[in-house]
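Notes to accompany the following structure.
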Ligand SMILES: C[S@@+](CC[C@H](N)C(=O)[O-])C[C@H]1O[C@@H](n2cnc3c(N)ncnc32)[C@H](O)[C@@H]1O
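Residue numbers (our numbering): 2 to 260.
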């Protein structure tokens, strides 16, 4: 089981899998190719640097297209991935099959109501998802399903990320305009969330001190926090920590307290 990202898997990812064959919408397929075709070493480095190897049961909360789950499958005995998108969950299962990975399971569902027993996991990652969920509820659920001593790694977005989306419009796709998404998120963050007039298709910007506070309130101790990719040694950031002087993506590593 102690398979890590060896050359065989790297070779399969780069040369053997036909990423175009996956039945996905254009934006999702473009993302699939961006993530997998360059290999998964940077994800492995990140999780290793945060102490994830050696886990019994890991949860990839908001697994998207499953790259973190694939990496976790070489580090932990069992890996569960959950995502609200059935399209993505189906893709994750197909990817795991193509890569002949036997210790992952993917289900569709919301983070706000996780279909797992209490204290089930000793590793949990939630990368770039919380800001599209009802994050207070999601964090309560993370606390419920994580056992004492378990590690939780959260990466989420501050307001700078959405200013960047509006100004620079990165990676537009026929079915996704980052500028519109950024505008909706700025609206939600400044007015919508407080007034109850949130746009359904946008996110909400999060703040590091408030997120740390929510984790602490829910029984976690903060191990470290900082700009995205800054917490572990040997793992380069995937994105800037600040845009135009405002917080972009930020990371928190927390440990569940012994009650
Ligand atoms: C930006 S992607 C990140 C995916 C993955 N964690 C990654 O690092 O690539 C956000 C993901 O959150 C999922 N999502 C959105 N709202 C959700 C919710 N309430 N519960 C679970 N997943 C959700 C989306 O379907 C999408 O796959």
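Every residue, glycine too, gets a C-beta built ideally from N, C-alpha and C.
Asked: Residue 233 beta carbon near ligand 1 (any heavy atom closer than 8 Å); Found: no
Asked: Nearest-angstrom Cα separation, counted from residue 180 out to residue 94; Found: 31 Å
Asked: Spatially closest choice to residue 207 from 25, 161, 15, by CA coordinates; Found: 161
Asked: Best match in 49, 203, 54, 149 for proximity to residue 259 [C-alpha to C-alpha]; Found: 149
Asked: Proximity to residue 109 [Cα-Cα], best of 88, 96, 123; Found: 88
Asked: Residue 228 (DSSP reduced to helix, strand or coil); Found: strand
Asked: Residue 74 versus residue 28: straight-line alpha-carbon distance, rounded; Found: 26 Å
Asked: Residue 186 CB to nearest heavy atom of ligand 1 below 8 Å; Found: no
Asked: Reduced DSSP secondary structure (H/G/I, E/B, other) of residue 101; Found: coil
Asked: Per-residue burial, residue 90 [other beta carbons within 10 Å of its own, 16 or more giving buried]; Found: buried
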